[in-house]
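If you read the protein sequences in the order shown, they are chains A and B.
Counting along the first sequence from 1, when you hit position 309 you're at 878 in my numbering, and nothing is skipped either side.
Counting along the second sequence from 1, when you hit position 19 you're at 20 in my numbering, and nothing is skipped either side.
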Amino acid sequence: MQDQKTKCMVIGLDGVSQTLLSDYIEKGYLPGFKNILDSGFRLHQMDASIPDVSSTSWTSFMTGVNPGEHGIFGFMDLRPGTYKMFFPSSKDVKAPAIWEIIGQTSGGKGSTLHDKYREGIRRPLKSVVLNIPQTYPALPLNGVLTAGFVCPDLKNGTYPESAYNYLKSIGYLSDVDAQKAVEDRDAFFDELFLALDRRAEAFEHFMDNSEWDLFVSVITETDRLHHFFFDAARDEKNPVNKTFISFYKKMDEVIGRLYARFMEITGGQGLFITMSDHGFTVLEKEVYVNSWLREEGLLKINAVRDYYEGIEFGTKAFAMDPSRFYVNAEGRYPAGSVKGSDKKAVVADLKDRLLSLEYDGRHVIKAVYGNAEIYNGPAAASGPDLVCVANDGFDLKGTLKKEGVFGKGNFSGMHTRHDAHCILPASIEPGGRLHIEALAGFMLDKLLIQKPQRR
Amino acid sequence: MDHLSILENKSIFIIREAYYRFRNIAMLWSVGKDSTTLLWLVRKAFFGKVPFPVIHIDTTYKFPEMYAFRDEYAKKWGLNLIVGSNEGQVAAGMGPKKGSKLDCCNELKTNALKQIIEKNGFKALLLGIRRDEHGIRAKERVFSPRDDNFKWDYENQPAELWDQYKSTAEEDNHFRVHPILHMTELDIWKYIKRENIPITELYLSKEGKRYRSIGCLPCCSPVESAASSIDEIIHELETTHTSERAGRAQDKEDAYTMQKLRSLGYM
C-alpha cells in the first residue's frame, strides 16, 4: 500500500525563467500558477548547472549531484584519448537518478546523495518518469519511463513495453520538429500545441493508471518556443506575441489540472514542485568561440576531417557546445600540444583572454570557472578545463564551421544560468540561493520521511 | 509489368532525361555491382552504345580483380573510358596509412574527380547510389545539385513530385543524377540474375567469406557467407537481417541526434 502523504510530483518546464513566469503571473495570464502560489507556495529564482545546457542541467536535477559526479557536461563529448565525438546517453550517466535510488535499481552506481539516504530506504518505491532529457535509452526501473530529448526511437526510449504501446496509440510526440520554426511557422506552432496536448494526455493517463510514489514529467515545448521566438515574449507588437502567450496559457491550464488532481490524491499532503533546467533571455549575438580561438592563434583545424578530428598539432585549446574549453594537453589527446608543466599557464592565459573579450564596448563573458572550482567527483577529470558563463545576450556556440566571431542566426532566445525557476512549498526554506542540485534532496526527504543523518 | 521491369523503366527514363537535358555528361563506374548495373542500364537506354564517357577513379588501391574486370569490359563494350587519379597525391605517397582514411578518400577520390570535372566541364554525373545503402542517402534525390565545393545542401533540395524531376542547373553547379536510387540491394541482385550482368568474383564466397561491397583493398573486409552463386546471394539476402553496413543502427541514431542538435543551434 502506497503512502499518499509522501508522494512527490515534479513538473519540469524546460527553459521557463523565473522572471518571465513572474511577469506573466502578475499580468494575470496564468491563473493556474496564481492559484498554486496563493495556496502556500513560493516562486524562487534558481541557479542551473554549468554549463547551462539541458543535458547537463537535467542530469544534475535527476541525480542531485554536480557534473563532476554524474559525468554529463553537454550533448556531445569526445571519447577518452581521442578527438572522436559521441553523444552521451543514459548509459553514460555515472550517478544514480533519484528513481534508481528509491526504486533500488541503481545497480553498481553510487553517489554522495545515494550514500546520504541509503539507510532511509525501507522498501523499493515506484516512479513515473516522463520526458526528462538525457534518459535515452530507457533503462529498466521500478516504474515507467519515457525518455526526453534526444530520443531517436520511442520504443528504445520507453520502459516497459506496455507504456510504449500506450504512447504509440495516442500519437505521443517525443519532440517537435524544430526545423519547422524556420521553414513554416504555422506548422511549427500546430505541432507545438499538439505535442503539449499529447503530453498532457499521457501525464494524466500514467497518473491515474500507474502506481507511483514519485511522478516527474517534463514539458519541452517551452524551450523550443523560446529558442526561436523569445523576443516575442514581452513585445506586444511582435506578430508572434499572442501565440506565445496563448501557449503559456495552455500550459498553465495543464499544470493547474495536474496540481488539483495531485492535491486531491494526497489530501493536500504531497510535495508538489515545478522547476526548470535553465532560464531564457533575448539573444543579441551568437559568439563562435572556436573561430575566436582560431583568430587568437590558439586553435588549428583541418576542416577536411570530421569535427574535432581536424585538430592539429600546435593547438592550445578548443571549445565544445555551449561554453566548455579544453586544453589540448599532451597525454589527453592524440595531437596534444601543451605540456603538463605548461597547462596552468595556458589555462590562466585563456581565462584572461576570455574575460577581456568585448563586443561593442561590452564584456561578453561574465565569469570563467576552472574545472576544480565547480566540479567535484570521480568524473571531474573528464570535464572541461574552463567553463564560461556569458553575459545575457551573448550566446556562446561551439561550432567549428563558422567564420568570424560574432553573428546571428535563426534564434532569438538563449539559455541563462541564473534565471531558472522553482516553485516550492513555503515550508521548504532553501537557505540562500536555490541550486538545481538541491531538489533531489527535498524529494528524498519527503519520499523517505525519515530524515537522513546530516553531519 | 513485373517489379524489375518497373524499376528498369524508371531508371532508363531518368538516364535518357539526364542525357537530353545536359548532353555534356558522364557516368562514374567503380566496377562494383551497383555501378556495373547502372552501366548495363545505360547501354540498354541507348541500344548498346554508351554515348558519353565513363569515368573510373583509380585510387591505385583497388583489388587486382577489379582492374582486370574494368579493362576486359571497357574493351568488350566499346567504352570511352576516362581513368582518373590524383597523380600528385599518389606520387606523394597518399594512402590509408598516411593521414586519416578520410584524407585518403578525399584526396584520391573526391579531388581526383574534381580535377576530371574541371578539365572536361561535365554538367552532370550519373552515379549508382541506392537509397537503402545508408541513413543519410535516404534523403538523396534523383537529381541532386552540388556547388563548386561539392557540398550537398540536403535542406535546400528542390521538391520532386511524382516524375517531375527537377533538372535545371544554376551556373557553376553540377548535378548528380541517381538513376538506381530506388533499387534495393536485393533488387540489384535479382536484376543482375535476370539480365545475366557480369560481376567480379569478389562478391562470391570463397572459403566461407565474400565481399558484400567493394572499393579499395585496404578498407574493405569480407563478410561471413557461404553464398557462392548469385542465386545463393539472393537467398541469403532474403533470409538475413544483418545490414549491408555493420553498426548501422548506431549510425542512424547518431544521424538523428546530430540533426536534432543542429536544428537547435548546436554543433
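We put the CB at the ideal spot given by N, CA and C, even for glycine.
When the beta-carbon positions are compared, F762 of chain A and F798 of chain A stay at least 9 Å from each other.
Within the same chain, and ignoring the five residues on either side of D616 of chain A in sequence, the residues whose Cβ sits closer than 8 Å to its Cβ are R986, H987, A989, R1002, L1003, H1004 and I1005. Between K660 of chain A and chain B, the shortest Cβ-Cβ separation is not below 9 Å. Here H179 of chain B is buried, its C-beta having at least 16 other C-beta atoms within 10 Å. Excluding sequence positions up to five before and after A46 of chain B, its CB lies within less than 6 Å of the CB of I13, I16 and R17, all in the same chain and listed in chain order. Contact check for F642 of chain A against L1008 of chain A fails: the beta carbons are separated by 9 Å or more.
Below the 7 Å Cβ cutoff, chain A contributes F644 and D890 as neighbours of Y267 of chain B, in chain order.
Shown in chain order are the members of the segment 960-973 of chain A whose Cβ falls below 9 Å from a Cβ of chain B: D964, K966, G967, T968, L969 and K970.
Residues of the segment 718-734 of chain A with a C-beta less than 8 Å from any C-beta of chain B: F718, V719, P721 and D722, listed in chain order. Residue range A989 to P994 is occupied by the beta strand (DSSP E) that includes P994 of chain A.
The shortest C-alpha to C-alpha distance from V785 of chain A to any of A:V856, A:M1012 and A:I1018 is the one to A:M1012.
Note that the C-beta distance between A69 of chain B and N87 of chain B is not below 9 Å. Put simply, the backbone Cα of T791 of chain A is about 7 Å away from that of L582 of chain A. Counting only the Cα atoms, G982 of chain A lies some 9 Å from D964 of chain A. Restricting attention to beta strand (DSSP E) runs no shorter than 3 residues, the segment 798-876 of chain A encloses them at 840-844, 848-851 and 854-857, ordered along the chain.
The continuous alpha helix (DSSP H) containing F23 of chain B extends over residues H4 to F23.
Cβ atoms of E638 of chain A and K663 of chain A come within 8 Å of each other, at about 7 Å. Nearest CB-CB separation between N197 of chain B and chain A: not below the 9 Å threshold. Judged by beta-carbon spacing, M578 of chain A lies beyond the 9 Å limit of L867 of chain A, meaning their Cβ atoms are not closer than that value.
Taking 8 Å as the upper bound for CB-CB distance, H613 of chain A and C991 of chain A are in contact here, some 5 Å apart.
For G825 of chain A, the CB contacts under 6 Å within the same chain, skipping 5 residues up- and downstream, are G601 in chain order. With a 10 Å radius around the Cβ and a threshold of 16 neighbouring Cβ atoms, G930 of chain A comes out exposed.
At the C-beta level, D821 of chain A and G584 of chain A stay beyond 9 Å of one another. The residue from B:G216, B:M67 and B:S145 with its alpha-carbon nearest to that of I200 of chain B is B:M67.
Residues of the same chain with a CB within less than 7 Å of the CB of T968 of chain A, apart from the 5 flanking positions on each side, are Y857 and N859 in chain order. Annotation: Cβ neighbours of G978 of chain A in chain B (cutoff 7 Å, chain order): G266.
Membership of K115 of chain B in the alpha helix (DSSP H) is indicated by the continuous run A113 to N121. Annotation: I189 of chain B to N810 of chain A spans about 54 Å, alpha carbon to alpha carbon. Listed along chain A, no residue sits closer than 8 Å to E225 of chain B by beta-carbon distance, the nearest being about 27 Å off. In the DSSP annotation of this structure, the continuous segment of the beta strand (DSSP E) that includes Y895 of chain A starts and ends at R893 to V896. The CB of H984 of chain A never comes closer than 8 Å to any CB in chain B; the least such distance is about 11 Å.
Straight across, the Cα-Cα distance linking M28 of chain B with R131 of chain B is about 15 Å. Assignment of beta strand (DSSP E) within the segment 667-740 of chain A, counting only whole runs of 3 or more residues, yields 696-701 and 712-716 in chain order. In the three-state DSSP reduction, A125 of chain B falls in the strand class (E or B).
The DSSP assignment places complete alpha helix (DSSP H) segments of no fewer than 4 residues inside the segment 910-988 of chain A at 912-924 and 940-943, in order along the chain. In the DSSP assignment, no residue is bridged to S226 of chain B.
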